[in-house]
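A.B. asks: In UniProt numbering, the protein residues as written are 6 to 340.
Would you mind keeping the following structure in view while I ask a few things?
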Amino acid sequence: VTILAIESSCDETSVAVVRNGDTVLSNVVASQIKSHMRFGGVVPEVASRHHVEQITQVIEAAMDEANLTFAAIDAIAVTEGPGLVGSLLIGVSAAKALAFAHRKPLIPVNHIAGHIYANQLVEPLQFPLLALVVSGGHTELVYMEKDGSFDIIGETRDDAAGEAYDKIGRVLGLPYPGGKKMDEMAHEGKETLHFPRAMIQEDNYDFSFSGLKSSVINTVHNARQKGDDIDPYDLAASFQASVIEVLVHKTLRAAKEKNVRQLLLAGGVAANRGLREVLSAKMAQELPDVAVLIPPLSLCGDNAAMIGAAAYSEYRKQNFAGYDLNAHPGLVLGE
Ligand code: ATP
Ligand code: MG
Ligand code: FE
6 VTILAIESSC
16 DETSVAVVRN
26 GDTVLSNVVA
36 SQIKSHMRFG
46 GVVPEVASRH
56 HVEQITQVIE
66 AAMDEANLTF
76 AAIDAIAVTE
86 GPGLVGSLLI
96 GVSAAKALAF
106 AHRKPLIPVN
116 HIAGHIYANQ
126 LVEPLQFPLL
136 ALVVSGGHTE
146 LVYMEKDGSF
156 DIIGETRDDA
166 AGEAYDKIGR
176 VLGLPYPGGK
186 KMDEMAHEGK
196 ETLHFPRAMI
206 QEDNYDFSFS
216 GLKSSVINTV
226 HNARQKGDDI
236 DPYDLAASFQ
246 ASVIEVLVHK
256 TLRAAKEKNV
266 RQLLLAGGVA
276 ANRGLREVLS
286 AKMAQELPDV
296 AVLIPPLSLC
306 GDNAAMIGAA
316 AYSEYRKQNF
326 AGYDLNAHPG
336 LVLGE
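In structure tokens:
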């Protein structure tokens, strides 16, 4: 089964061709980051405009790279949500047009399910599994008893992990999005400051990063006011240590309680070197029988290959949409 998948939920226009949910024939990603950098964040109106300008070429590039014609495509998949409504609508409209013109079934996919299924491009998924989803808009622990079943057992009560990275990066004057740069800086710094580990001892699987974010930003402002020097590398290292400790602690507790076969890391922040290292090491130490899956860096951020991987499960269940498919900006996993 060969699926052409489209992803346009935020600021990357991406189209991929994926076979049987596990083999990537092409995965073209056109990033708009440069256009949003000067605003310090994604400007929705600018994002939609870029998607409109890019989508046709990106579809053609993905088909060329896969070296296929539409006769060889079995279905068209698209991210229906969550994301920016104007951005999502470009992908949804393009997918509907392709499905109609080429008489192919249309498969709506949840973007977060896509982040989780990116791991299926690495190794077959084995259930039950637990996924730690850490991205620009989400921080969730998702329990999957079987393929296609999603149970959010914990989530952030305020900021997503990636959002905290980006907001602190902005205060430090780093270009948007600051997450990647902060990760690099953290590796050059030392944990000289102690920031709170919010909710770490609470008997639930929820997170909170807003207090940590404020605490780090206040530390920067206070130092600047007093004219003190603050080492941004040490700051990044101290912040990152707090984020990782909380994420890893709660993830391990959930993995133990749920008795899972696999632990998956997913979302843009899954690219974080510290998180990848600490999570793998702790899992090997405390739960050596649970396989840890982590996508390669190219599949952590937004891309359409992950949408094609998730779409394969929907294809087998014949979960197809009509031409009245709409964008769902607030779509929640499993609902
Ligand atoms: P969502 O997936 O929740 O809808 P999104 O699609 O905007 O949101 P992603 O593209 O999945 O988010 O992830 C982007 C986020 O990942 C940004 O916040 C970015 O700073 C963060 N990020 C990327 N690389 C790293 C890294 N190495 N360390 C920490 N954060 C990172
Ligand atoms: Mg993005
Ligand atoms: Fe994403």
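Yeah, the Cβ is synthetic: ideal placement off N, Cα and C, and Gly gets one too.
Helix, strand or coil: which one does DSSP assign to Arg258?
C.D. replies: By one-based count along the sequence shown, residue 258 stands at place 253. Arg258: helix per DSSP, three-state reduction.
A.B. asks: Straight-line CA distance for Pro301 to Gln125?
C.D. replies: On the sequence shown, residue 301 is found 296 positions in, with the first residue counted as 1. On the sequence shown, residue 125 is found 120 positions in, with the first residue counted as 1. Each residue's Cα considered, the two are about 11 Å apart.
A.B. asks: What did DSSP end up calling Pro133 once you bin it into helix, strand or coil?
C.D. replies: Here residue 133 is taken as the residue at index 128 of the sequence shown, counted from 1. Coil.
A.B. asks: In angstroms, rounded to a whole number, what distance separates the CA positions of Leu134 and Phe75?
C.D. replies: Numbered from its first residue, the sequence shown carries residue 134 at position 129. Numbered from its first residue, the sequence shown carries residue 75 at position 70. In a straight line, the C-alpha of Leu134 is about 35 Å away from that of Phe75.
A.B. asks: Indicate whether Ile112 and Asn324 have their beta-carbon atoms separated by less than 8 Å.
C.D. replies: The residue you call residue 112 lines up with position 107 of the sequence shown. The residue you call residue 324 lines up with position 319 of the sequence shown. Closer than 8 Å, so yes.
A.B. asks: Let me check one thing: in DSSP terms, what residues is Gln267 bridge-paired to?
C.D. replies: Stepping through the sequence shown from its first residue, residue 267 is reached at position 262. For Gln267, which the question treats as bridged, DSSP gives the partners Leu134 and Ala296.
A.B. asks: Rounded to a whole number of angstroms, what is the C-alpha to C-alpha distance between Lys172 and Gly183?
C.D. replies: For the purposes of this step, residue 172 is taken as the residue at position 167 of the sequence shown. For the purposes of this step, residue 183 is taken as the residue at position 178 of the sequence shown. Approximately 8 Å, taken between the alpha carbons.
A.B. asks: Using a threshold of 7 Å, is the CB atom of Ser303 nearer than that to any non-hydrogen atom of the ligand FE?
C.D. replies: Position 298 of the sequence shown, counted from the start, is the residue given in the question as residue 303. The answer is no for Ser303.
A.B. asks: Mind checking Gly46: buried by the 16 CB within 10 Å criterion, or exposed?
C.D. replies: The residue you call residue 46 lines up with position 41 of the sequence shown. Its Cβ having fewer than 16 others within 10 Å, Gly46 is exposed.
A.B. asks: So, are the CB atoms of Ser154 and Ser92 less than 8 Å apart?
C.D. replies: Sequence index remark: in the sequence shown, residue 154 carries index 149 (1-based). Sequence index remark: in the sequence shown, residue 92 carries index 87 (1-based). The answer is no: Cβ separation not under 8 Å.
A.B. asks: Do you know whose CA, among Ile78, Ala289, Glu12 and Gly273, lies nearest Leu304's CA?
C.D. replies: Taking the first residue of the sequence shown as 1, we reach residue 304 at position 299. The candidate whose alpha carbon is nearest that of Leu304 is Gly273.
A.B. asks: Can you pull every residue whose C-beta falls closer than 5 Å to some heavy atom of the ligand FE, listed in chain order?
C.D. replies: Any residue whose Cβ sits closer than 5 Å to a heavy atom of the ligand FE makes the list: Ser140 and Asp307.
A.B. asks: Does the distance between the C-beta of Gly184 and the nearest non-hydrogen atom of the ligand ATP fall short of 7 Å?
C.D. replies: For the purposes of this step, residue 184 is identified with residue 179 of the sequence shown, where counting begins at 1. Yes.
A.B. asks: Rounded C-beta distance between Val34 and His41? I'm assuming under 8 Å.
C.D. replies: Position 29 of the sequence shown holds residue 34. Position 36 of the sequence shown holds residue 41. About 15 Å; that fails the 8 Å criterion.
A.B. asks: Does the distance from the CB of Gly159 to the CB of Lys218 come in under 8 Å?
C.D. replies: Within the sequence shown, the letter at position 154 stands for residue 159. Within the sequence shown, the letter at position 213 stands for residue 218. No. Outside cutoff.
A.B. asks: Report the residue from Glu128, Ala326 and Tyr320 whose alpha carbon sits nearest the alpha carbon of Ile8.
C.D. replies: Counting from one through the sequence shown, the residue named residue 8 turns up at place 3. Per the Cα distances, Tyr320.
A.B. asks: Can you tell me which residues form a DSSP beta bridge with Arg24?
C.D. replies: As a first step, residue 24 must be located in the sequence shown, where it is residue number 19. Note: Arg24 sits in a beta bridge opposite Thr7 and Thr28.
A.B. asks: Within the same chain, show all residues whose beta-carbon is closer than 6 Å to that of Lys195, passing over the 5 residues directly before and after it, in chain order.
C.D. replies: The residue labelled residue 195 in the question sits at position 190 within the sequence shown. Around Lys195: Asp239 and Ala242.
A.B. asks: In this structure, how does DSSP classify Ser14 when only helix, strand and coil are distinguished?
C.D. replies: Reading the sequence shown from its first residue, position 9 is the one you call residue 14. Ser14: coil per DSSP, three-state reduction.
A.B. asks: Which word fits His120, buried or exposed, when buried means at least 16 other C-beta atoms lie within 10 angstroms of its C-beta?
C.D. replies: In the sequence shown, counting from the first residue as 1, residue 120 sits at position 115. Classification of His120: buried, given that the 10 Å Cβ count is 16 or more.
A.B. asks: Pick helix, strand or coil for Glu145, following the three-state DSSP scheme.
C.D. replies: The count along the sequence shown starts at 1 and reaches residue 145 at position 140. It is a strand residue.
A.B. asks: For Ile38, I'd like the list of residues in its chain whose CB is within less than 7 Å of its CB, leaving aside the five on either flank, ordered along the chain.
C.D. replies: As a first step, residue 38 must be located in the sequence shown, where it is residue number 33. Excluding residues within five positions, the ones whose Cβ falls inside 7 Å are Asp16.
A.B. asks: Rounded to whole angstroms, what is the Cα-Cα separation between Ile64 and Ala21?
C.D. replies: Residue numbering aside, residue 64 sits at position 59 when the sequence shown is read from its first letter. Residue numbering aside, residue 21 sits at position 16 when the sequence shown is read from its first letter. Those two C-alpha atoms are separated by around 8 Å.
A.B. asks: Does the ligand GDP have a heavy atom nearer than 7 Å to the CB of Glu291?
C.D. replies: As for the ligand GDP, it is missing from this structure, which binds only the ligand ATP, the ligand MG and the ligand FE.
A.B. asks: Can you tell me which of Met149, Leu130, Ala169 and Val127 puts its alpha carbon nearest to the alpha carbon of His143?
C.D. replies: Residue mapping note: residue 143 aligns to position 138 of the sequence shown, counting from 1. When only C-alpha atoms are compared, the closest one is Ala169.
A.B. asks: What is the C-beta distance between Ala271 and Lys185, in whole angstroms, given that I count them as a contact (C-beta under 8 Å)?
C.D. replies: In the sequence shown, the residue the question calls residue 271 occupies position 266. In the sequence shown, the residue the question calls residue 185 occupies position 180. Contact flag wrong, Cβ pair sits at about 17 Å.
A.B. asks: Where do the ends of the alpha helix (DSSP H) carrying Pro49 lie?
C.D. replies: Position 44 of the sequence shown, counted from the first residue, corresponds to residue 49. Here the alpha helix (DSSP H) through Pro49 covers Pro49 to Ala71.
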